[in-house]
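Q: Quick note, in numbering that gives the first Met the number 0, the sequence shown goes up one by one and the last residue is 97. Note that beta-carbon positions come from the ideal geometry of N, C-alpha and C, so glycine has one too. If you scroll down you'll find the structure; I have some questions about it.
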Amino acid sequence: MLVKYIIKVFLYLILAVMTLIRWLLKIPMMLGNILLYFLSIIFILTGVLSYGFALESARECGRMIIIGMAFGAIPDFVPFLEKSLETLVAKLLSMTNE
0 MLVKYIIKVF LYLILAVMTL IRWLLKIPMM LGNILLYFLS IIFILTGVLS YGFALESARE
60 CGRMIIIGMA FGAIPDFVPF LEKSLETLVA KLLSMTNE
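Dropping the structure here:
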């Protein structure tokens with residue numbers, strides 16, 4: 000019986016952490032797709048133009064382009080991650096209510 004209460008306490012801690020992560024994921028979604036795509040375009044253009052005008056090395060320009068692609072992927076990836084966390088939190092809640 001004591002083990003069952005210890006497991007419930009750990010599940011509640013995990014549930015609290017998962018809820019906090021879910022709330023933090025709402026921040027990039029509140030920024031909006033337009034802002035993140037705008038940042039993506041700025042980084043990609045900076046990388047391409049820096050390489051074109053020989054202002055930076057190819058490695059630095061590649062890094063800028065990869066960062067731009069990451070900013071462009073955030074609006075597409077966050078809803079999937081949020082849905083996965085919601086499912087995980089629901090399963091944890093069902094485990095604690097047993």
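1. Just confirm the distance between the C-beta atoms of G46 and G67, as a whole number of angstroms; I'd bet it's less than 8 Å.
2. For the segment 15-25 against the segment 70-86, do three or more pairs of beta-carbon atoms, one drawn from each stretch, fall closer than 8 Å, so that the two count as touching?
3. Specify, as a first and last residue, the run of the alpha helix (DSSP H) that A72 falls within.
4. As a quick exercise: from I5, L34 and L38, pick the residue whose alpha carbon is nearest that of I64.
5. Output yes or no for whether 7 Å exceeds the beta carbon distance between T95 and L35.
6. Pick helix, strand or coil for A53, following the three-state DSSP scheme.
A: Straight from the coordinates:
1. The beta carbons of G46 and G67 sit about 7 Å from each other, so the pair counts as a contact at 8 Å.
2. yes
3. A57 to T95
4. L38
5. no
6. A53 sits in coil when the DSSP states are folded into three classes, being neither helix nor strand.
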